[in-house]
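Line by line, the protein sequences give chains F and E. Residue numbering for the first sequence is 0 to 322, as defined by numbering that gives the first Met the number 0. Residue numbering for the second sequence is 0 to 289, as defined by numbering that gives the first Met the number 0.
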Amino acid sequence: MTLERNILLALLAGAALLPFAVSDQYILHLAIMALFYAVLASSLNLVVGYVGEFSLGHTAFLGTGAYTAALLSTQAGMPMWVTIPLAGLVSAVFGFAIGAITLRLQGPYFVIVTLSFAEVLRIIANNWIAVTNGPMGLAGVGQNLFGDVAVTDKAGFFLIVLGIAAVALYLSYRFVYSNAGRAAVAVRENRYVAQSIGVDPFGTAMQAFVLGAFLAGLAGGFYAHYISFVGPEVFRFAFMATMIIMVLLGGKGTLIGPLAGAVIVTVLEEYLREMQELRLTLFGLIVMAIVLFLPNGLMGFIAQRREQQAAKPTLNAAKERTV
Amino acid sequence: MDLFPQFLANGLVMGVFYALSALGLTLIFGLMRVVNFAHGEFYMLGGVSGWFVTNYLGLDFFSGLIVVAAFMAAVGWLVDRFLIERVRGQGEEPGILLTIGLSIFLVNGTLLLVGPAPMKVAGAVAEGPLFFGPIAVTKLRLLAVAVGIALIVGAHLLIRRTRLGAAMRATFQDPMAASLAGIRTGHVYAATFALGCTLAALSGMLLASIYSAQASVGGLISLKSFVVVILGGMGSFAGAIAGGLLLGVAEAMWGGYVSMGMVDVIGFVLVILILLFRPQGLFSIRTERA
């Protein structure tokens with residue numbers, strides 16, 4: 000617990016120095032996208048890793064946040080410090096409504112019904128032209144932070160997304176190590192035992208779900224301002240697939256895992272870009288390889304190695320004694 | 000009101016293909032419990048390989064259909080033996096991720112090999128409408144529907160009347176007891192997966208003879224097949240057929256009377272309502288709750 004906290008603090012401090020050390024715009028862009036995905040993956044991890052249900056509809060909250068921020072900015076001209084928190088709040092409200100329906104279901108039913116909600120929102124975004132401008136999307140989302148102060152360079156955006164990531168990790172950390180978080184883990188491990196000692200599975204799952212939706216909404220709001228364009232593709236399954244791969248590659252149910260997954264996948268996708276058309280084909284193969292050979296993600300792999308290391312000396316000592 | 004019978008006929012035609020594809024998924028998802036996101040890609044591969052055998056190898060439609068069925072059964076068998084088998088019994092998550100990876104691989108591999116252009120499977124009969132009172136249906140559609148229905152009946156007979164079908168039913172009732180009775184359950188799982196994969200592929204090839212096959216079509220088909228399986232009830236054969244027809248007709252009515260753009264939303268709204276009010280599906284015999 001303290002190790003995890005210290006690693007997270009060290010990572011955040013190291014990341015805060017990055018824009019002063021690196022001036023390459025391309026690397027900064029990659030770092031921004033990695034942090035954006037880190038927030039998304041952490042928010043999905045709250046549902047997948049701590050509630051233990053597999054949500055495929057997390058793009059619903061990303062998209063809601065992105066459209067909220069884009070609409071507030073283009074229609075009302077609001078600056079970022081208003082739109083991004085509001086994007087999170089609107090997503091949290093959606094999370095509450097969708098969670099109230101979907102969290103009654105489990106297993107494959109939960110998977111399909113969350114996916115259905117994301118698809119319904121995508122189709123609405125694609126067809127409700129009066130508000131969302133349909134497939135053309137909302138372009139020209141403003142980039143002003145307070146009033147007329149605009150963020151002009153990548154370093155500024157990096158610090159903003161770092162701030163959002165810090166908030167996301169702080170809230171996740173507080174949730175995971177609170178009574179509610181421990182209750183959620185108890186439900187994940189054994190629903191009936193948890194119920195028998197008075198844990199309300201629906202209530203704890205709801206807290207994690209709404210918090211996840213809030214964080215995904217923040218990420219979506221940031222995305223709208225950074226890219227300066229929002230279209231129905233924010234609801235697409237491709238985003239969802241990327242998020243899942245990050246969470247499971249890093250290791251679900253840990254706070255550091257999704258961060259590591261986000262960084263690795265962002266860099267890997269960029270690196271594979273050199274392969275041109277082969278890129279996504281290889282990506283698919285890599286995903287399959289991860290499931291088959293790294294079933295608990297990187298953090299699971301590291302934990303396993305540490306256990307083996309710890310077990311070795313005692314094993315050797317036992318051998319010597321028998322000799 | 001005058002167009003109503005025509006919409007109904009169009010909906011039923013589409014429904015037969017939804018049903019055929021969903022029958023494949025009800026075996027894989029409903030019985031084997033693999034949340035198979037590559038199902039639409041099997042459908043797509045059926046269309047693309049159908050195009051390949053009819054246009055490049057110059058086979059006629061029916062021998063092409065047999066070649067595609069054999070090929071896709073082999074693909075399904077291999078996918079199960081080499082991929083799905085390794086995550087069996089570990090819950091849904093590894094299966095979901097594995098099939099997402101597989102579908103990314105299949106879509107982009109296909110795009111790489113044949114490109115994004117639509118591909119037309121050479122049909123068995125000439126285009127040309129037939130009129131039944133107020134309804135117009137092309138001969139091609141009528142033939143494809145007839146073949147689709149024949150395949151559904153064939154699959155039903157396979158499951159109900161053959162030794163393999165009996166082994167399947169035994170395995171999905173109780174895998175432990177089945178293997179104690181000498182059934183090689185590993186083979187049964189692979190055969191079930193191969194059958195599901197083949198049904199999706201043949202649905203894809205039949206529909207590609209009416210419209211055309213495209214490498215990127217799979218995602219939506221996967222989702223619609225899931226919708227149909229949940230509408231009909233997990234693992235229910237009759238339910239998948241009824242659910243498919245229901246979805247086809249509902250989409251045709253909505254497209255005809257309300258709006259064409261939102262047509263794909265119907266399935267998802269239906270599935271949300273079903274899971275809220277009747278989670279065991281419309282036609283499920285077992286009262287398995289979500």
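We put the beta carbon where it would ideally sit given N, CA and C, even for glycine. All figures in this text were calculated on a predicted structure; none of them were measured in a lab.
Local conformation of residue 136 (chain E) per DSSP, three classes
For the purposes of this step, residue 136 (chain E) is taken as the residue at position 137 of the second sequence. It is a strand residue.
Do residue 50 (chain E) and residue 120 (chain E) have their CB atoms nearer than 7 Å?
As a first step, residue 50 (chain E) is located in the second sequence; it is residue number 51 there, counting from the start. As a first step, residue 120 (chain E) is located in the second sequence; it is residue number 121 there, counting from the start. With a cutoff of 7 Å on beta-carbon distance, residue 50 (chain E) and residue 120 (chain E) are scored as near each other.
What three-state label does DSSP hand residue 143 (chain F) in the structure shown?
Stepping through the first sequence from its first residue, residue 143 (chain F) is reached at position 144. Reduced to three states, the DSSP call for residue 143 (chain F) is strand.
For chain F, check one thing: does any of its Cβ atoms lie closer than 7 Å to the Cβ of residue 104 (chain E)?
Within the second sequence, numbered from 1, the residue matching residue 104 (chain E) stands at position 105. Judged by the 7 Å Cβ criterion, residue 104 (chain E) is in contact with chain F.
Using 8 Å as the Cβ pair cut-off and three pairs as the minimum, do the segment 55-72 of chain E and the segment 127-139 of chain E touch?
Contact fails: fewer than three Cβ-Cβ distances are below 8 Å.
Using three-state DSSP, classify residue 180 (chain E) as helix, strand or coil.
Locating residue 180 (chain E) in the second sequence gives position 181, counting from the first residue. Reduced to three states, the DSSP call for residue 180 (chain E) is coil.
Determine the chain E residues that contact residue 108 (chain F) at a beta-carbon separation under 8 Å, and present them in chain order.
Reading the first sequence from its first residue, position 109 is the one you call residue 108 (chain F). By Cβ distance, chain E contributes 229, 274, 278 and 289.
Is residue 13 (chain F) close to chain E, meaning its C-beta is less than 7 Å from at least one C-beta of that chain?
Here the question's residue 13 (chain F) lines up with position 14 in the first sequence. Residue contact with chain E for residue 13 (chain F): absent (no Cβ-Cβ distance below 7 Å to any residue of chain E).
Considering only C-alpha positions, which residue in the set F:68, F:167 and F:195 is nearest to residue 226 (chain F)?
Working through the first sequence from its first residue, we reach residue 226 (chain F) at position 227. The residue with the shortest Cα to Cα distance from residue 226 (chain F) is F:68.
Whole-angstrom Cβ separation of residue 236 (chain E) and residue 186 (chain E), contact assumed at under 8 Å?
By one-based count along the second sequence, residue 236 (chain E) stands at place 237. By one-based count along the second sequence, residue 186 (chain E) stands at place 187. The pair is not a contact, with the Cβ atoms about 21 Å apart (cut-off 8 Å).
Of all the CB atoms in chain E, is at least one closer than 7 Å to the CB of residue 41 (chain F)?
As a working note, residue 41 (chain F) is residue 42 in the first sequence. Closer than 7 Å to the CB of residue 41 (chain F) there is not a single CB belonging to chain E.
Contacting residues, own chain, Cβ-Cβ under 8 Å from residue 332 (chain E) (five flanking each side not counted)
Because chain E in this structure spans residues 0 to 289, residue 332 (chain E) falls outside the shown range and cannot be described.
Run down chain E in chain order and give the residues with a C-beta less than 7 Å from the C-beta of residue 265 (chain F).
Within the first sequence, numbered from 1, the residue matching residue 265 (chain F) stands at position 266. Chain E residues near residue 265 (chain F): none, gap ~17 Å exceeds 7 Å.
Close beta carbons around residue 288 (chain E), own chain, < 7 Å, minus the five adjacent residues each side
Counting from one through the second sequence, the residue named residue 288 (chain E) turns up at place 289. For residue 288 (chain E), the predicted structure reports a pLDDT of 40, less than 50, and the residue's modelled location is therefore unreliable. The matter cannot be settled from this model.
Looking at the C-beta of residue 72 (chain F), does it have a partner C-beta in chain E at a distance below 7 Å?
The residue labelled residue 72 (chain F) in the question sits at position 73 within the first sequence. Look at residue 72 (chain F): its C-beta is not under 7 Å from any C-beta on chain E.
With a cut-off of 8 Å, do at least 3 Cβ pairs link the segment 73-85 of chain F to the segment 137-152 of chain F?
Short answer: they touch.
In three-state DSSP terms, what is residue 36 (chain E)?
In the second sequence, the residue the question calls residue 36 (chain E) occupies position 37. Reduced to three states, the DSSP call for residue 36 (chain E) is coil.
Please report whether the beta-carbon of residue 287 (chain F) lies at a distance below 7 Å from any beta-carbon of chain E.
On the first sequence, residue 287 (chain F) is found 288 positions in, with the first residue counted as 1. Yes, its Cβ sits closer than 7 Å to a Cβ of chain E.
Taking the straight line between their C-alpha atoms, what separation do you get for residue 279 (chain F) and residue 255 (chain E)?
Here residue 279 (chain F) refers to the residue found at position 280 of the first sequence. Here residue 255 (chain E) refers to the residue found at position 256 of the second sequence. Approximately 38 Å between the Cα atoms of the pair.
Residue 9 (chain E) to residue 265 (chain E) span [Cα, whole Å]
Against the second sequence, residue 9 (chain E) aligns to sequence position 10. Against the second sequence, residue 265 (chain E) aligns to sequence position 266. C-alpha separation (whole angstroms): 16 Å.
For residue 137 (chain F), the three-state DSSP class (helix, strand or coil)
In the first sequence, residue 137 (chain F) corresponds to position 138, counting from 1. The answer is strand: DSSP assigns residue 137 (chain F) an E or B state.
If I measure Cβ to Cβ from residue 35 (chain E) and keep anything under 7 Å in the same chain, skipping five residues before and after, which residues do I get?
Taking the second sequence and counting its residues from 1, the one referred to as residue 35 (chain E) is at position 36. Excluding residues within five positions, the ones whose Cβ falls inside 7 Å are 24, 27, 28 and 98.
For residue 121 (chain F) and residue 235 (chain F), which I take to be in contact (beta-carbon distance under 8 Å), what is that distance rounded to the nearest angstrom?
Translated into the one-based positions of the first sequence, residue 121 (chain F) becomes position 122. Translated into the one-based positions of the first sequence, residue 235 (chain F) becomes position 236. That pair is a contact at about 7 Å.
Just the Cα atoms here: how many angstroms apart are residue 7 (chain E) and residue 61 (chain F)?
The sequence position of residue 7 (chain E) within the second sequence is 8, counting from 1. The sequence position of residue 61 (chain F) within the first sequence is 62, counting from 1. Roughly 38 Å separates the two Cα atoms.
Considering only their Cβ atoms, is the gap separating residue 55 (chain F) from residue 110 (chain F) smaller than 7 Å?
Your numbering for residue 110 (chain F) matches position 111 in the first sequence. Your numbering for residue 55 (chain F) matches position 56 in the first sequence. Taking 7 Å as the Cβ cut-off, residue 110 (chain F) and residue 55 (chain F) qualify as a contacting pair.
Determine the DSSP secondary structure at residue 116 (chain E), reduced to helix, strand or coil.
Sequence index remark: in the second sequence, residue 116 (chain E) carries index 117 (1-based). If DSSP states are grouped into helix, strand and coil, residue 116 (chain E) belongs with coil.
First and last residue of the alpha helix (DSSP H) that includes residue 28 (chain E)?
Indexing the second sequence from 1 puts residue 28 (chain E) at position 29. Neither: residue 28 (chain E) is in no alpha helix (DSSP H) and is coded neither H nor E.
If you pair each beta-carbon of the segment 77-85 of chain E with each one of the segment 14-23 of chain E, do three or more pairs fall below 8 Å?
Taking a cut-off of 8 Å on C-beta distances, the segment 77-85 of chain E does not touch the segment 14-23 of chain E, as fewer than three cross pairs fall below it.
From the DSSP output, in three-state form, read off residue 128 (chain E) for me.
Position 129 of the second sequence, counted from the start, is the residue given in the question as residue 128 (chain E). Collapsing the DSSP output to three states places residue 128 (chain E) in a strand.
So, for residue 272 (chain F): in the same chain, excluding its five sequence neighbours on each side, which residues have a beta-carbon less than 8 Å away from its beta-carbon?
Stepping through the first sequence from its first residue, residue 272 (chain F) is reached at position 273. These residues qualify, in order along the chain: 278.
So, are the CB atoms of residue 265 (chain F) and residue 77 (chain F) less than 7 Å apart?
Taking the first sequence and counting its residues from 1, one reaches residue 265 (chain F) at position 266. Taking the first sequence and counting its residues from 1, one reaches residue 77 (chain F) at position 78. No, they are not a contact pair.
Tell me, which residues are paired with residue 228 (chain F) by DSSP?
The residue you call residue 228 (chain F) lines up with position 229 of the first sequence. The partner list for residue 228 (chain F) (beta bridge, DSSP) reads F:138.
Nearest residue (CA-CA) to residue 31 (chain E), options E:143, E:42 and E:173:
Here residue 31 (chain E) refers to the residue found at position 32 of the second sequence. Its Cα nearest to that of residue 31 (chain E), the residue E:173 stands out among E:143, E:42 and E:173.
State yes or no: is the beta carbon of residue 50 (chain F) nearer than 7 Å to at least one beta carbon in chain E?
One-based indexing of the first sequence puts residue 50 (chain F) at position 51. It does not: the Cβ of residue 50 (chain F) has no partner Cβ on chain E nearer than 7 Å.
Flag this pair as touching only if the segment 190-206 of chain F and the segment 23-31 of chain F have three or more C-beta atom pairs under 8 Å; answer yes or no.
Taking 8 Å as the limit for Cβ pairs, the verdict is that the segment 23-31 of chain F does not touch the segment 190-206 of chain F.
Kindly list the residues whose CB is nearer than 8 Å to the CB of residue 161 (chain F), restricted to its own chain and excluding five residues on each side of it in sequence; keep chain order.
For this step, residue 161 (chain F) is matched to residue 162 along the first sequence. The answer, listed in chain order, is 11, 14, 15 and 34.
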